[in-house]
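Below is one structure, written out as structure tokens, with a few remarks after it.
There are 2 protein chains.
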Amino acid sequence: MEVELKEILNDLDVLKRSLPDSTHNDSIMIKLQQRVEHLKNLAKSEPGRRSKVKDMSAEVVDSNPYSRLMALQRMGIVKNYERIREFSVAIVGIGGVGSVAAEMLTRCGIGRLLLYDYDTVELANMNRLFFRPEQVGMTKTDAAVQTLSDINPDVVLESYTLNITTMEGFETFMASLKNQNFSSTKNGTGVDLVLSCVDNYEARMVVNQACNELSQTWMESGVSEDAVSGHIQLLVPGESACFACAPPLVVASGVDERTLKREGVCAASLPTTMGVVAGLLVQNTLKYLLQFGQVSPYLGYNALKDFFPTMEMKPNPQCSNLACLERQKEYALAKPARDAAAKAKMESEASVAIECAVHLDNEWNISVVDDCEIEGKDAPSSSDTLPVGLVRELPSADEFQNTSVGEASTSVDDLEELRKQLEALNAE
Amino acid sequence: MEVELKEILNDLDVLKRSLPDSTHNDSIMIKLQQRVEHLKNLAKSEPGRRSKVKDMSAEVVDSNPYSRLMALQRMGIVKNYERIREFSVAIVGIGGVGSVAAEMLTRCGIGRLLLYDYDTVELANMNRLFFRPEQVGMTKTDAAVQTLSDINPDVVLESYTLNITTMEGFETFMASLKNQNFSSTKNGTGVDLVLSCVDNYEARMVVNQACNELSQTWMESGVSEDAVSGHIQLLVPGESACFACAPPLVVASGVDERTLKREGVCAASLPTTMGVVAGLLVQNTLKYLLQFGQVSPYLGYNALKDFFPTMEMKPNPQCSNLACLERQKEYALAKPARDAAAKAKMESEASVAIECAVHLDNEWNISVVDDCEIEGKDAPSSSDTLPVGLVRELPSADEFQNTSVGEASTSVDDLEELRKQLEALNAE
């Protein structure tokens, strides 16, 4: 189209030169040329793909795609933003939440994204962000790779067009999570986090199974069928409740959307609710990966009342998922090591505290009991009550080994209670 | 693009008629017209561009872009979703929040969008959603119209490439808000809501001035310079606090981004925080326009703690903005009419309640005092305490006329208190 517009400009130029002098004609010619120039800008069909960037720079120039992100360091929010390039995140389900989550992570400059979906783009998806009408008919993974690689060529994108709930799909899914070609993680997989953005119960149970087997930390997300509530949840195998330990709080009822469609009925959805849930999910992801702020174990969103419930869920010692029980056992066994690490950390902080004594020469061996010294010495007495200023990033589940079944079920009761509160709120 | 091409053809026609007869000129003119016609065909056949839809259908087929939105009716969330096509929304500032808000409203099928910005797209904007690298150098308004008209050709888009803080820009801004070509609103303007998505204090004060003068309801939004907090706020002139009544709670410090850039420093920003704020803003917009759920007068977002403070702010009787004082006076004067309307509404509900008496034949004139009747009769005694089930959509500010200056300043104290709480939270 640019070629055609250039030809029109040439023609106009020829015409202008052959015209008799007249202010009227001149003004029309100028207007015409301006219109065509404007169209040329509109029609830039060749995407101006930017070249890859070797290092993230904090330089404040208009051409630096990372300046506003690297500014997070100067603002004291993130210690080392550039670490984001080392991380791999897997997103299962590239729908209303997953596609926006993928775009956010891509724009943040994540190292590597693994995308899983079996579906194709339809016009009926246009009420959510991300996909464009010209992508109708493409697989969601292909369309996502097309858009995301244009937005940020620095991100390594891997797309898997498959259904994780089939035998074959599950095997490929597991193999891709284990692949350590890009980097390896503490837990021995090749990804740092799995984000579940699927729309049905079955697929969630499959992600849960995979993550429990691989001891892979993951985050769950969901939007209700009436489009006005949603949630995100952090799941650390063995440490927090798995998806099979307790039913989720705010989530689609579990009816597969395909089943619904066949009956001429569909779930409602809104770009607003899905955008908010994707935003909260990726914000929690950034906090988890780059270690800033408080990572939320659970965060709900009730759009009708702008109510955001939070809670923590311990694993269920009677969980039906065997891999979950294995992880719970491991977590309990690792308690002495965790305690020792916590103690070492506190002692190193206490030694820093002792250094605040001002007189290093002390001929008479006089000692003044300092505030900061007391703090440092008192703290290690209990491993569960952490000293002031030290906050656990994730809920401690060490207690579950000592609790009776009756006590453990309290958390399920709490859940029931919270659900009742939510229902009461919705009924108002 | 079709509109622009049609305008070029019109110009060519005018030019042709004013030209002296010459075969040379004629042949160039014909060639030009053919080229533009060819471009028109190219623009039409652009892959995937869907044709306009006359009515919003609830039919559940893959090709229906509105099926998931119309499902909100079947789910009982929205009474008449299709009304969204009647509304005009103005968005001032097409940056990280405004562009996403525009995309959300476009995908929701809003009737008409008015977009205002003076800036151009830069690579440094790529850490937020919406703009693509190939749009670098375009004005933000042009780039937005290009993307939005592709996504949903049903939305009427008006773009204003101007700076509202200049004299000329402000005049065009005011005139565009008053233009009732598309529809007229209760308050006599041509838009139903103005969304402020600007990044500096000066522009916010200008939007505030315009909306106070026009008695135009608007919503404010902002994201902090450290990128980890934001807010939205509803402002109804005369009824709730205007932007000059009290300083905003969570908002950029007011330093213009252009000033910062010159010194080689820039504010941080995250696609997550901006996506969440845009989502909350448009969700509040949908609730306000389509009358469902509770419209939030103020909603904050602290990303580090996932804390969402809410509050209400009454207008300041000593506000420095004269138009605000005018609107406050009008609102107070309209109190009897509001009370009468509320009374009428309650009485009509009470008469419905009386109809629940089962025996219409009553030979002995026996009357049983029914629960629902009592409710209906008791309620009108006080105009401020509404009966059960009736909730004010917006905070009532009738009280301010009866409060002393000391009492009025309590709301400012509350504000101070809330700010201290927020600061304490951040300091933790």
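Just so you know, the protein sequences line up as chains U and Y, in that order. For the first sequence, position 52 matches number 52 in the numbering used here, and the numbering has no gaps at all. For the second sequence, position 207 matches number 1207 in the numbering used here, and the numbering has no gaps at all. Where a beta carbon is used, it is the ideal one built from N, C-alpha and C, also for glycine.
Note to self: Using CA atoms only, rank isn't needed, just tell me which of U:Val155, U:Met75, U:Thr161, U:Phe170 is closest to Ala203 (chain U).
What the structure shows: Nearest Cα to Ala203 (chain U) within the set U:Val155, U:Met75, U:Thr161, U:Phe170: U:Phe170.
Next item on the list: Could you round the C-beta distance between Leu1039 (chain Y) and Leu1005 (chain Y) to whole angstroms and report it? I think they count as a contact, below 8 Å.
Entry: 6 Å
Notebook entry, point to check: Taking Cβ-Cβ distances below 9 Å as the criterion, which residues of the segment 1282-1294 of chain Y are in contact with chain U?
Noted result: Val1282, Gln1283, Asn1284, Thr1285, Leu1286, Lys1287, Phe1292, Gly1293, Gln1294
Next item on the list: Report the rounded CA-to-CA distance for Val1121 (chain Y) versus Ile1094 (chain Y), giving the unit in angstroms.
Entry: 10 Å
Check: Is there at least one Cβ from chain U nearer than 8 Å to Ser1383 (chain Y)'s Cβ?
Finding: Residue placement at Ser1383 (chain Y) cannot be trusted, given a pLDDT of 35 that sits under 50; what the coordinates show is reported in the next sentence. Ser1383 (chain Y) does not count as touching chain U.
Margin query: In this structure, how does DSSP classify Asp142 (chain U) when only helix, strand and coil are distinguished?
Written below: helix
Next item on the list: Tell me, to the nearest whole angstrom, how far the beta carbon of Leu123 (chain U) is from that of Pro1153 (chain Y); I am working on the premise that it is less than 8 Å.
Entry: That belief does not hold up - the Cβ atoms of Leu123 (chain U) and Pro1153 (chain Y) are roughly 12 Å apart, past 8 Å.
Margin query: Can you pull the chain U neighbours of Pro1065 (chain Y), defined as C-beta to C-beta under 7 Å?
Written below: Leu123, Ala124, Met126, Asn127
Check: Hey, is Gly1275 (chain Y)'s beta-carbon within less than 8 Å of any beta-carbon in chain U?
Finding: yes
Next item on the list: Identify which residue in U:Arg74, U:Thr273, U:Thr185, U:Val198 has its Cα closest to the Cα of Thr165 (chain U).
Entry: U:Val198
Item checked: Contact residues within the segment 201-216 of chain U, judged by C-beta distance below 8 Å to chain Y -> none
Next item on the list: Could you spell out the range, first to last residue, of the alpha helix (DSSP H) harbouring Gly169 (chain U)?
Entry: Segment 167-178, the alpha helix (DSSP H) holding Gly169 (chain U).
Notebook entry, point to check: Is His231 (chain U) close to chain Y, meaning its C-beta is less than 8 Å from at least one C-beta of that chain?
Noted result: no
Check: Helix, strand or coil for Leu105 (chain U) per DSSP?
Finding: helix
Notebook entry, point to check: What is the C-beta distance between Met1313 (chain Y) and Ala1210 (chain Y), in whole angstroms, given that I count them as a contact (C-beta under 8 Å)?
Noted result: With a Cβ gap of about 20 Å, Met1313 (chain Y) and Ala1210 (chain Y) do not count as contacting.
Next item on the list: Indicate whether the contact test is met: 3 or more Cβ pairs, each with one atom in the segment 1106-1115 of chain Y and one in the segment 1290-1305 of chain Y, closer than 8 Å.
Entry: no
Next item on the list: Show which residues of chain U have a CB atom less than 7 Å away from the CB atom of Thr1310 (chain Y).
Entry: Asp306
Notebook entry, point to check: What three-state label does DSSP hand Thr217 (chain U) in the structure shown?
Noted result: coil
Margin query: Is there a C-beta anywhere in chain U that falls below 8 Å from the one on Thr1272 (chain Y)?
Written below: Chain U, which has a Cβ nearer than 8 Å to the Cβ of Thr1272 (chain Y), makes this yes.
Notebook entry, point to check: Roughly how many angstroms lie between the CA atoms of Glu1278 (chain Y) and Ala268 (chain U), to the nearest whole one?
Noted result: Glu is not the amino acid found at residue 1278 (chain Y); the sequence shown has Ala there. Approximately 20 Å between the Cα atoms of the pair.
Check: With DSSP run on the structure shown, which of helix, strand or coil describes Asp226 (chain U)?
Finding: coil
Margin query: Counting C-beta neighbours from all protein chains within 10 Å, is the total for Asp1142 (chain Y) 16 or more, i.e. buried, or is it exposed?
Written below: buried
Margin query: Taking its Cβ as the centre, do 16 or more other Cβ atoms sit within 10 Å of Ile91 (chain U), making it buried, or is it exposed?
Written below: Counting the other CB atoms within 10 Å of its CB gives Ile91 (chain U) a total of 16 or more, which places it among the buried residues.
Notebook entry, point to check: If you measure beta-carbon to beta-carbon, which residues of the segment 105-117 of chain U are closer than 7 Å to chain Y?
Noted result: The segment 105-117 of chain U vs chain Y, Cβ under 7 Å: Arg107, Cys108.
Notebook entry, point to check: From Y:Leu1009, Y:Gly1275, Y:Leu1234, pick the residue whose C-alpha is nearest to that of Met107 (chain U); which is it?
Noted result: At residue 107 (chain U) the sequence reads Arg, which differs from the Met that was named. For Arg107 (chain U), the nearest C-alpha among the options comes from Y:Gly1275.
Check: Is the Cβ-Cβ distance between Leu1235 (chain Y) and Cys1242 (chain Y) less than 8 Å?
Finding: Yes, they are a contact pair.
Checklist line | Gln318 (chain U) versus U:Ser183, U:Met29, U:Lys329, residue with shortest Cα-Cα distance | finding: Taking the Cα of Gln318 (chain U) as reference, the smallest distance to any Cα among U:Ser183, U:Met29, U:Lys329 is reached at U:Lys329.
Notebook entry, point to check: Since Asp1062 (chain Y) meets chain U, which of its residues come closer than 8 Å, beta carbon to beta carbon?
Noted result: Glu122, Leu123, Ala124
Item checked: Val1206 (chain Y) classed as buried or exposed, judged by whether at least 16 other C-beta atoms fall within 10 angstroms -> buried
Checklist line | Rounded C-alpha distance that separates Asp1055 (chain Y) from Ile1077 (chain Y) | finding: 20 Å
Next item on the list: Counting only the same chain and skipping the five closest in sequence on each side, list residues whose C-beta sits under 8 Å from that of Lys85 (chain U).
Entry: Strictly speaking, residue 85 (chain U) in this sequence is Arg, with Lys absent from that position. Met56, Gly109, Ile110, Gly111, Asp154, listed in sequence order.
Next item on the list: Could you confirm whether any beta carbon from chain U is found closer than 8 Å to the beta carbon of Pro1387 (chain Y)?
Entry: Interpretation of Pro1387 (chain Y) is limited by its pLDDT of 30, a score under 50 that renders its predicted location unreliable; no figure is taken from the coordinates.
Next item on the list: Measure from the alpha carbon of Phe1173 (chain Y) to the alpha carbon of each residue in Y:Gly1222, Y:Asn1208, Y:Val1156, Y:Ile1151, then state which is nearest.
Entry: Y:Asn1208
Next item on the list: Compare the C-beta of Gly1406 (chain Y) with all C-beta atoms of chain U and state if any pair is closer than 8 Å.
Entry: Since pLDDT at Gly1406 (chain Y) reaches only 36, below the 50 mark, its modelled position is unreliable, and the value read off the structure follows with that caveat. Chain U, which has no Cβ nearer than 8 Å to the Cβ of Gly1406 (chain Y), makes this no.
Next item on the list: Measure the Cβ-Cβ separation of Val1036 (chain Y) and Val1223 (chain Y) and say whether it is below 8 Å.
Entry: no
Checklist line | Ala1102 (chain Y) at chain U interface by Cβ criterion, 8 Å | finding: Not a single C-beta of chain U is nearer than 8 Å to the C-beta of Ala1102 (chain Y).
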